[in-house]
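Notes to accompany the following structure.
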Amino acid sequence: MHKLLIGNNNYNNNNISAGLQSQFIEIENIANIKVSRPTDIDIFMTIQTNLLNKDRVFYTDSNCFQFIQRQYYDKIPLQGNVYPVACGAYIEQEMNDSDDRSHTKQYQRLNLFTSHPTGVVSPKVGQINVWIDRRSSRDDSRGVQSNLNGEWIVKSQLHLFTEIISIDKTQKIAIPSLSIFSQQILNDLLRPIHRFYVNQPDLNNLLATEYSLIPKSGLPCDYELVTMKTFHNIKIPIKFHAAPNTQVGVILRRHAPVCYARNFPKIDFYSECFNNHVGQNEVS
Numbered sequence: 646m647h648k649l650l651i652g653n654n655n656y657n658n659n660n661i662s663a664g665l666q667s668q669f670i671e672i673e674n675i676a677n678i679k680v681s682r683p684t685d686i687d688i689f690m691t692i693q694t695n696l697l698n699k700d701r702v703f704y705t706d707s708n709c710f711q712f713i714q715r716q717y718y719d720k721i722p723l724q725g726n727v728y729p730v731a732c733g734a735y736i737e738q739e740m741n742d743s744d745d746r747s748h749t750k751q752y753q754r755l756n757l758f759t760s761h762p763t764g765v766v767s768p769k770v771g772q773i774n775v776w777i778d779r780r781s782s783r784d785d786s787r788g789v790q791s792n793l794n795g796e797w798i799v800k801s802q803l804h805l806f807t808e809i810i811s812i813d814k815t816q817k818i819a820i821p822s823l824s825i826f827s828q829q830i831l832n833d834l835l836r837p838i839h840r841f842y843v844n845q846p847d848l849n850n851l852l853a854t855e856y857s858l859i860p861k862s863g864l865p866c867d868y869e870l871v872t873m874k875t876f877h878n879i880k881i882p883i884k885f886h887a888a889p890n891t892q893v894g895v896i897l898r899r900h901a902p903v904c905y906a907r908n909f910p911k912i913d914f915y916s917e918c919f920n921n922h923v924g925q926n927e928v929s
């Protein structure tokens with residue numbers, strides 16, 4: 646992985662690197678606004694592309710569960726066009742399709758995922774502005790009921806990548822949603838995998854070396870494990886081995902297969918998963 650320092654000023658540092666076999670760009674922003682500096686200031690990062698998002702339409706998430714279409718209006722000020730995002734936003738451009746008999750529409754999409762809630766706006770065609778940090782010397786009537794002064798360091802992580810997706814033309818309503826692969830990138834940003842190693846011989850002998858609750862092929866790629874909790878029999882002391890009447894509660898979430906990525910990344914687990922579980926439902 647190669648890392649490059651692309652920006653350095655009085656307020657913000659930017660680090661950029663490639664992740665997940667160079668399938669996306671990871672950007673790290675570190676903002677440090679000193680109290681001695683002007684207190685009315687907004688720091689945001691501008692991403693300019695050659696995508697033609699018609700009417701400056703962009704999409705933001707709602708509680709990281711679904712996406713909502715937004716649009717920039719000149720009749721209201723900039724701050725009125727800024728929408729909150731919990732985890733991400735995207736803009737897209739419809740591609741020319743010479744085959745009128747095709748049952749799908751193709752779009753080129755730019756995805757922007759963030760590690761923490763922030764604000765996003767698309768003031769110009771092909772442009773996304775994402776807020777990093779801000780200071781205000783007075784109450785701006787946005788719910789805080791106080792000014793926004795102080796000194797702290799803000800660190801944010803962004804994942805940025807493009808993809809070509811296809812949407813079924815026969816659908817009466819096109820629901821804004823992520824492709825399966827973009828959802829995997831978002832999950833990697835929000836819930837990275839943490840590995841824990843045990844180096845105690847007494848515990849190693851008690852713990853099972855391999856235990857599977859699902860088939861070895863794993864969950865389909867459009868399923869996500871939300872929570873898993875064990876329910877022990879209160880009459881039996883908790884031990885390392887299985888006890889009678891012990892149960893496991895699992896909550897799974899399945900992502901809506903509305904759009905499909907066309908430019909499949911060369912990742913074995915993704916390609917195989919798509920072909921086996923999702924590609925069978927695609928309209929060709």
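Residue numbers (this note's numbering): 646 to 929. Virtual Cβ for every residue (Gly too), placed ideally from N, Cα, C. No experiment lies behind these values; they were computed from the predicted model shown.
> With a CB to CB cut of under 6 Å and the five nearest residues on each side skipped, what residues in its chain are close to Thr-875?
Replying inline: Val-893
>> Let's test the definition: count the other Cβ atoms within 10 Å of the Cβ of Tyr-718 and tell me whether it reaches 16, buried, or not, exposed.
In response: Classification for Tyr-718: exposed.
> Per DSSP, Ile-798 forms a beta bridge with which residues?
Replying inline: The secondary-structure analysis by DSSP pairs Ile-798 across a beta bridge with Asn-677.
>> Whether or not the stretch 829-847 and the stretch 807-816 are in contact is what I'm after, with contact meaning three or more pairs of Cβ atoms, one per stretch, closer than 8 Å; do they touch?
In response: With the rule of 3 Cβ pairs closer than 8 Å, the stretch 807-816 does not count as touching the stretch 829-847.
> Can you tell which of Gln-668, Phe-669 and Phe-689 has its C-alpha closest to the C-alpha of Ile-675?
Replying inline: Phe-689
> Looking at C-alpha atoms only, which residue of Val-871, Asp-867 and Met-873 is the closest neighbour of His-900?
Replying inline: Cα-wise, what sits closest to His-900 is Asp-867.
> By a C-beta neighbour count over all protein chains shown, 10 Å radius and 16 as the cutoff for buried, is Phe-710 buried or exposed?
Replying inline: exposed
>> Is it the case that the stretch 756-767 contacts the stretch 726-742, given that we only count it when at least three CB pairs across the two stretches are under 8 Å?
In response: Touching, yes.
> Considering Gly-894, what are the terminal residues of the beta strand (DSSP E) in which it resides?
Replying inline: Segment 892-899, the beta strand (DSSP E) holding Gly-894.
> Does DSSP put Ile-830 in a helix, in a strand, or in coil?
Replying inline: helix
>> DSSP three-state label for Pro-837, please.
In response: Of the three classes helix, strand and coil, the one that applies to Pro-837 here is coil, per DSSP.
> Among residues of its own chain, excluding the 5 on either side of Ala-774, which ones have a beta-carbon nearer than 6 Å to its beta-carbon?
Replying inline: A small fix is needed here, since residue 774 is Asn in this sequence, not Ala. Cβ within range, chain order: Phe-689, Thr-691 and Val-766.
> DSSP state of Pro-846, grouped into three classes?
Replying inline: The answer is helix: DSSP assigns Pro-846 an H, G or I state.
> Measuring CB to CB, does Phe-669 end up less than 7 Å from Ile-830?
Replying inline: yes
>> Restricting to Cα atoms, I'd like to know which of Pro-762, Leu-697, Thr-694 and Glu-671 is closest to Ser-707.
In response: Pro-762
> Does the separation of the CB atoms of Arg-754 and Glu-671 fall below 7 Å?
Replying inline: no
>> Taking the beta strand (DSSP E) that Asn-726 belongs to, which residues open and close that run?
In response: In the DSSP annotation of this structure, Asn-726 is not part of any beta strand (DSSP E); the continuous alpha helix (DSSP H) holding it starts and ends at 723-726.
> Going by other Cβ atoms of all chains shown within 10 Å of its Cβ, with 16 needed for buried, is Asn-850 buried or exposed?
Replying inline: exposed
> How would you call Arg-701, buried or exposed, if buried means at least 16 neighbouring beta carbons within 10 angstroms?
Replying inline: buried
> Got a sec, what are the start and stop residues for the beta strand (DSSP E) Asn-774 sits in?
Replying inline: 772-780
> For Ser-827, does the count of other Cβ atoms within 10 angstroms reach 16, so buried, or fall short, so exposed?
Replying inline: buried
> Roughly how many angstroms lie between the CA atoms of Gln-802 and Ala-731, to the nearest whole one?
Replying inline: 13 Å
> How about Asn-677 and Ile-859: are their beta carbons less than 7 Å apart?
Replying inline: no
> Distance, Cα to Cα, Arg-715 vs Pro-768?
Replying inline: 11 Å
>> Since Ile-686 and Arg-779 should fall inside the 8 Å C-beta cutoff, what is the C-beta to C-beta distance between them, to a whole number of angstroms?
In response: Yes, Ile-686 and Arg-779 are in contact; Cβ-Cβ is about 7 Å, under 8 Å.
>> Since Gly-764 and Trp-776 should fall inside the 8 Å C-beta cutoff, what is the C-beta to C-beta distance between them, to a whole number of angstroms?
In response: 4 Å
>> Taking the straight line between their C-alpha atoms, what separation do you get for Lys-699 and Asn-741?
In response: 14 Å
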